[in-house]
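Undergrad: Protein chains in written order, with my numbering: chain A, 441 to 906; chain B, 441 to 906. Dropping a structure here in C-alpha cells format, bear with me for questions.
Protein chains: 2
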Amino acid sequence: MAVTGMASDGQRSADSATTLPSEVTRELAKYIVRARYEDMPAAVRREGLRTLVNWVGAAVGGSHHDGIDRAVAALAPFSAASHAAILGRSERLDIMNAAFVNGVSSHILDFDDTHLKTIIHPAASVAPAILAFSEYRNVAGREFLNALILGVETECRIGNAVYPDHYDRGWHITGTCGAFGAAAAMGKLLDLSEQQMRWALGLAASQPVGFRESFGSMNKSFNPGRAAHNGMTAAVLAHAGFTSSDRMIEASRGWAHTISDKQDWRKITGGLGAHYEALLNTYKPFACGVVLHPAIDAAIQLRNRHGLRAEDIERIELRVHPLVLELTGKTAPATGLDGKFSVYHAVAAAIIDGAAGPKQFSDSAVREPSVIALRAKVAPTADPSIEPEQVDCRIVLRDGRTVHQRIEDATGSAASPLTDEALEVKFLGLAEGILTSQQARRLLDACWNIERSPSAATIAEAAVPR
Amino acid sequence: MAVTGMASDGQRSADSATTLPSEVTRELAKYIVRARYEDMPAAVRREGLRTLVNWVGAAVGGSHHDGIDRAVAALAPFSAASHAAILGRSERLDIMNAAFVNGVSSHILDFDDTHLKTIIHPAASVAPAILAFSEYRNVAGREFLNALILGVETECRIGNAVYPDHYDRGWHITGTCGAFGAAAAMGKLLDLSEQQMRWALGLAASQPVGFRESFGSMNKSFNPGRAAHNGMTAAVLAHAGFTSSDRMIEASRGWAHTISDKQDWRKITGGLGAHYEALLNTYKPFACGVVLHPAIDAAIQLRNRHGLRAEDIERIELRVHPLVLELTGKTAPATGLDGKFSVYHAVAAAIIDGAAGPKQFSDSAVREPSVIALRAKVAPTADPSIEPEQVDCRIVLRDGRTVHQRIEDATGSAASPLTDEALEVKFLGLAEGILTSQQARRLLDACWNIERSPSAATIAEAAVPR
C-alpha cells in the first residue's frame, strides 16, 4: 500500500505518492505484476523498440569477439540442452547459459544502450534473459516488449535510488542492478504472483555482480551477462515457491543499505506507471563508455571540418568532466577492451580514422604505431565546470594554427538522440560480415515489428547466420 | 613476489612474510596453483576428512527439505544434462546446477561446518562444486581432498581479511567468500596457470552472494549454493582464457575496498602453506547457527540433570553474547527456517525435546503449542562480558527453586570439538530415512577413505538412494 509521507529532506514530496521504506519491495513487485502492455504510453513502447533494435545489433556485432569464443568454449561442455540461440553464431545452449553469452556479447563492444542518469546499460541483462526464454516457451511480441520495458524500468529506478554513491564505491552498477531487471522481466513472463515477485526481487538482490576494477577486461561484459543469468535464476526459483525475504531491497541488512550510503526510496516507487525511466534510454554512436563521447564527437568534427591528419597535430587539449579522467585515464592501453578506458587512445584513433566503432577499439588498433604516437599528444584536463555531455577541445597544429570545438550535447546524448535512421545504420554496420545484408535487414525488420509478432523467438531465429 | 613490510598497526608483523596490497591476488593464486597434497600436514588432511564427512551428512540430511524440492522443480527443466547427482535424491542435473542444489541442501538445516573466526560455512560452496565436477571428469580422492582443503583455506583467509566489518554491514559472508573457495578448488582441479587463477579469483570476486536479511528464508541457503555455481563458472571461464583484472581482490575499486571498510591483507597471504585456517573448521551438534549453541547446550544439560518438564518452568534467564540477540532475536518465528533465528524457540524446543536437531527446527516444531507457550518464558539479556562460546543460564522453577548452568566452551566449539564418533552419530542420524542404514554406513566409509579412492565420484554414487 502506498503511504503518503515526508520526503527524507523533511519537505513533503512533490510527487505525492512516496512510500515508507517498509513498502519498497512490495510496491515495486505489485507494479510489475499488474503492469499491462495496453496501459503503456506509445512513446514508451517506441523507446522499447529502439532499445531492442540497438541491443540486437550490439549482440550480433559482439558475437565473434575473443571473449565470446572463450565463453562458449568454457560453457558448452556443461550445457547439454540447446534450447536457445547465441545471436550471430551457430552454437545453441540451455536458456540460462545462452542468456549469459548473449548478455556478454551485447556489452563487450561497449556499444549497447545507456541510461545516462546512472550509467546503467539496461538491456544487456534484461533482453538476453527474455529472448532465450522466448525460445523455450512461446512469448508473444507484445508480451516480450512489455517485459523488456518493465525490466529496464525496474533496474533504472533501483539504480537511481543508490546512484552515485553505489557507483562511486566501486560497483559496476550495470551488473548490480541488472539482476533486478532480468528478474522483473522474467517474472512477468512467468506470471509471478505479488508474493513470488517479492521473492524474485529478493533473490535477484542477493546476487550483485561486478566491480569497476573489471573495466578493461572481459570481466566487464561478464557482469551484465551474469546478471541476466542471476535474474533468470531468481525468477524461476521464486516461481517454484523458493522463498526470500519480502523486504530485501529496503531492509536494514538488505541490498540498498549494504551496498550504498544513499537510499532514495522515492526514486523506486514514485510515479510508477506514470513516469518512465525507460523513456530516457540512449544509444551510442561510439563503441565505448558515454563519458568519452563528447571528446570523440569534437575530435571527429574538427578532423572532418579541417581535413586534419595525425602528422599535422602538435597537441590536443581537452577540458573534460572529471569522470572522464577517473574512468578513462589509461595512458597505455594493452588491448582493445582496455582502449575503451583511455581518452588518449579514443581521441587519437578518432582523429586518424574519423570514427570510433568496434574497429577503433580492437586489439590491433591500440597497437597501431600511428595511434600510439598521436595519443601521446592528447592532453586532457578535468574541469568541474564541464558537464558530462560537454567537452572543450582545442587542437594546436604544427603550423601554429589552433582549431577549436566546444560540444554542448554530444551525439547520442538525451538532448541529441540517435535517430531511427542512425540506429539502423549502426545496426547494419554491426551485423556486417556476420549476417548477409539480406539477413541483417530481415532481423532489423523483425525487431521493429515485434509488437505484431506472435512469437518473440523470431528475433533469435533471424539472428543466426545461415 | 612476497614483500616483507610493516603491519598496518605500525609494528613489524610477527609472521614476517606480509605482502603489499598490489600482490594479494597474485600471491594467493601462486599458492593455490603450487600447493600439493603431499606437502599438506597430516592434521590438516584429517580435518579435511572431518569437513567432508560433516558436509556429506548435512547435504543428505537436507535433501528432502521443501526448499530442495522447489529448487529441483525450478531448475530441472533448464538442465538437460545429467552429469551429476543430487545427494540423497534420484534426480540428476548438469554439474553447475547439481553443485548449486547440493550447496543449498547442505546449508538448509544450518547443520554444516563453521569457521568460527568469520562464521563462514566453508564446505557448502566448495564441496558441491568439486564433487559435481568429479562426476564429469575423473578426480582422484587425494586430488579431491587437496582441492577441498585449498578452497576452504582460500575463502576463510579472505573472510578473515574483511571480518567483522564486512559481516556487520549486512553481507552473508558465507555467500560472499564462498565463490572464492569454489573457484580456487575448481581451478585447482582444472590445473589453472597462475594467470588463469588470478582471473578465476577476479571473476569469483565479481559475484558476491547474499545479505543477512535472507536469514530465516530459503534465500539463506541459496547463498552458498549460488556461490558454488559462481565459483565454478569463474574457474571454467578462466580456464578458457576469459580475462579479468589481475588484482580484483585488492584494487581500489575491487572486491575488498568496495565491500568492507577493513582490509587486512596479511590475513590472506601471511604464512600460506605454514598456517592453515582449514584446521580451525568446526562441526555443529545443533541444527542452527553457532551463536545459539551455548544456550542450547546449557538448556539441555539442565533439563537432563534435573528432569525438567515445560510445566515446571516459570522463567528461563539467559545472559548471552550480544550477537545472540542481534542475530536470533525473533520472538515469533513462523517457519522452521525462521526458528533458527529465534533464541526463544531454540531454547524452548531444546528443553521440551532434549535435542536441537532438524526436527526441532521443522515447520511443525515452531507451531507446536507447548513450544510456543514455553518460548514466552525465555528471557535473554545481552551481556558484553559473555564470550561467543559462553552462556549463563538460570532457570526459575514454579516451585521456587532455581537451577543454574554456565557454559564456558559449548559443545562443538574449537575448544570442545565434536569427536569423530560424534560426527558419525550425527551423520547416520541425518541419513536416516533417506538412505538405508547399510547405504549410510557405506557412504560414511567412502568419505573417511577418500584418500585411497581412485575416484571421488564414489561419494556421489553412494549418496543416491536405491
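Backbone N, C-alpha and C define an ideal beta-carbon position, used for all residues, glycine too.
(1) Whole angstroms is fine: what's the gap from alanine 795(A)'s alpha carbon to alanine 580(B)'s?
(2) Identify which residue in Ala516(A), Gly543(A) and Gly713(A) has its Cα closest to the Cα of arginine 597(A).
(3) Helix, strand or coil for cysteine 728(B), going by three-state DSSP, please let me know.
(4) Just curious, the alpha helix (DSSP H) that isoleucine 589(A) is in, first and last residue?
(5) Using a 10 Å radius around the Cβ and a threshold of 16 neighbouring Cβ atoms, would you call arginine 490(B) buried or exposed?
(6) Per DSSP, methionine 845(A) is paired with what?
(7) Count the other CB atoms within 10 Å of the CB of arginine 745(B); is the residue buried (16 or more) or exposed (fewer)?
(8) Check the Cβ-Cβ distances between threonine 683(A) and every residue of chain B, and say whether any is below 7 Å.
(9) Threonine 698(A) touches chain B at which residues, Cβ-Cβ below 7 Å?
(10) Below 9 Å on C-beta distance, what does alanine 511(B) contact in chain A?
(11) Suppose the cutoff is 8 Å on Cβ atoms and the five residues either side in sequence are ignored; what does the same chain contact list for histidine 505(B) look like?
(12) Rounded to a whole number of angstroms, what is the C-alpha to C-alpha distance between glutamate 487(A) and alanine 900(A)?
(13) So if DSSP puts threonine 722(B) in a beta bridge, which residue, or which two residues, is it bridged to?
(14) Nearest to cysteine 434(A) by CA position, among Glu478(A), Pro481(A), Ala482(A) and Val496(A), is which residue?
(15) Do the stretch 654 to 667 of chain B and the stretch 630 to 640 of chain B touch if we need at least three Cβ pairs shorter than 8 Å?
(16) Using DSSP with H/G/I as helix, E/B as strand and the rest coil, what is proline 517(B)?
(17) Per DSSP, arginine 759(A) is paired with what?
(18) Quick check on the DSSP output: the alpha helix (DSSP H) that includes glycine 797(B) runs from which residue to which?
(19) In this structure, how does DSSP classify phenylalanine 662(B) when only helix, strand and coil are distinguished?
(20) Going by DSSP, what residue range makes up the alpha helix (DSSP H) through glutamine 647(A)?
(21) Run through DSSP, which three-state label would leucine 533(B) get?
(22) Given that proline 648(B) touches chain A, what residues does it touch there, using C-beta distances under 7 Å?
(23) For the putative contact between methionine 903(A) and glycine 528(A), defined by C-beta atoms under 8 Å, what is the C-beta separation to the nearest angstrom?
(24) Consider the Cβ of threonine 709(A): report whether some Cβ of chain B lies at a distance smaller than 7 Å.
(25) How is the alpha helix (DSSP H) around asparagine 415(B) delimited, first residue to last?
(26) Using 7 Å as the limit for Cβ to Cβ distance, is serine 654(B) near chain A?
(27) With a 10 Å radius around its C-beta and 16 neighbouring C-beta atoms as the bar for buried, classify serine 565(B) as buried or exposed.
(28) What in chain B is Cβ-close to phenylalanine 781(A), meaning under 7 Å?
(29) Near arginine 532(A), which residues of its chain fall below 8 Å by C-beta distance, leaving aside the five closest residues on each side in sequence?
(30) At a Cβ cut of 7 Å, what residues of the stretch 659 to 673 of chain B count as close to chain A, listed as they run along the chain?
(31) Out of Ser782(A), Leu732(A) and Ile791(A), which has the shortest C-alpha to C-alpha gap to glutamine 741(A)?
(32) So, under 8 Å CB-CB, arginine 652(A) and glycine 610(A) are touching, yes? Tell me the CB distance rounded to an integer number of Å.
(33) Tell me whether arginine 706(B) is buried or exposed, calling it buried when 16 or more other Cβ atoms sit within 10 Å of its Cβ.
(34) Output the boundary residues of the alpha helix (DSSP H) element that contains leucine 851(B).
(35) Determine the direct distance from the alpha carbon of threonine 775(A) to that of glycine 650(A), and round the result to whole angstroms.
(36) Serine 695(B) touches chain A at which residues, Cβ-Cβ below 9 Å?
TA: If we stick to the structure as given:
(1) 55 Å
(2) Gly713(A)
(3) coil
(4) 581 to 602
(5) buried
(6) According to the sequence provided, residue 845(A) is glutamine. The question's methionine does not apply to it. Answer is Cys833(A).
(7) exposed
(8) yes
(9) Arg609, Gly610, Trp611 and Phe651
(10) Leu677, Ala680 and Phe682
(11) Ser545, Ile548 and Leu549
(12) 20 Å
(13) Thr554(B)
(14) The structure shown does not extend to residue 434(A), since chain A spans only 441 to 906, so no value can be given for it.
(15) no
(16) helix
(17) Thr821(A) and Asp832(A)
(18) Element bounds for glycine 797(B): n/a, residue is neither H nor E.
(19) helix
(20) Neither: glutamine 647(A) is in no alpha helix (DSSP H) and is coded neither H nor E.
(21) strand
(22) Pro648
(23) Here residue 903(A) is alanine; the residue named in the question, methionine, does not match the sequence. Confirmed, Cβ separation roughly 6 Å.
(24) no
(25) Since the displayed chain B opens at 441 and closes at 906, residue 415(B) lies outside it and no answer follows.
(26) yes
(27) buried
(28) Ordered by position in chain B, no residue passes the 7 Å Cβ test against phenylalanine 781(A), which lies about 12 Å from the chain.
(29) Ser522, His523, Ala524, Ala525, Ile526 and Ala538
(30) Asn659, Phe662, Asn663 and Arg666
(31) Ile791(A)
(32) 5 Å
(33) buried
(34) It should be noted that the sequence gives threonine, not leucine, for residue 851(B). Counting along the chain, threonine 851(B) falls outside any alpha helix (DSSP H), and DSSP gives it neither H nor E.
(35) 20 Å
(36) Per the sequence shown, residue 695(B) should be read as tryptophan rather than serine. The contacting residues are Gly610, Phe651 and Glu653.
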